[in-house]
Amino acid sequence: MSNDSLDESFDPTSLGDWKVLPQTREVIRPIDEELEYRVTNATSQQTEAKTAIGYRVQIFSTSDYLQAIRVDSLARIRWKEKVYLRFDSPYYKIRIGDALQRDAADRLQQAAVKAGYRTAWVIRTEIQRRNDEQ
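Below is the structure:
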């Protein structure tokens with residue numbers, strides 16, 4: 146076969162490009178700040194929250210988001226104290242209470258252990274306090 150018989154007149158750049166549209170996907174971001182859920186009674190008076198250094202009781206920690214949500218929901222039913230779900234990579238932590246004094250947190254921790262949260266422990270952290278607390 147000789148080079149004279151080859152047809153090289155085809156130019157691939159003369160063809161139009163296919164339109165390729167990128168797929169958009171929802172980006173799932175980790176919870177990186179404390180989530181606070183407040184359930185208030187319509188007849189109760191809301192008080193403005195301020196922060197202070199105090200104590201909370203950590204009742205559970207897991208890297209599984211769905212398990213953290215389940216434990217958080219059950220804790221909100223079980224405890225009259227505020228329940229907090231916090232993400233500190235790679236763990237979701239469920240904490241209860243806002244105690245200014247260590248002895249109050251210790252009593253809450255003992256109640257948590259009796260309620261079945263055997264690994265509950267007191268942690269010193271920033272808490273929410275009401276205006277009437279000093």
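Residue numbering for the sequence shown follows my numbering, beginning at 146 and increasing consecutively. Idealized CB from N, CA, C, for every residue including glycine. Keep in mind that this is a model prediction, so the values were computed, not measured.
The beta carbons of residue 203 and residue 272 sit no closer together than 8 Å. Distance from residue 265 to residue 258 at the Cβ level is roughly 5 Å; contact confirmed, criterion being Cβ atoms closer than 8 Å. Each residue's CA atom was taken as its position, placing residue 211 and residue 232 some 13 Å apart.
Beta bridge pairing from DSSP links residue 220 with no other residue. For residue 255, the uninterrupted alpha helix (DSSP H) run begins and ends at 247-259, by DSSP. Under the three-state reduction of DSSP output, residue 244 falls in the strand class.
A Cβ-Cβ distance of about 12 Å is found for the pair residue 239 and residue 209, leaving them out of contact under the 8 Å criterion. In its chain, beyond the 5 residues on either side, 260 have a beta carbon closer than 8 Å to the beta carbon of residue 223. Inclusion of residue 195 and residue 274 in the CB contact set at 8 Å is warranted, their separation being smaller than that value.
Straight across, the Cα-Cα distance linking residue 206 with residue 235 is about 10 Å.
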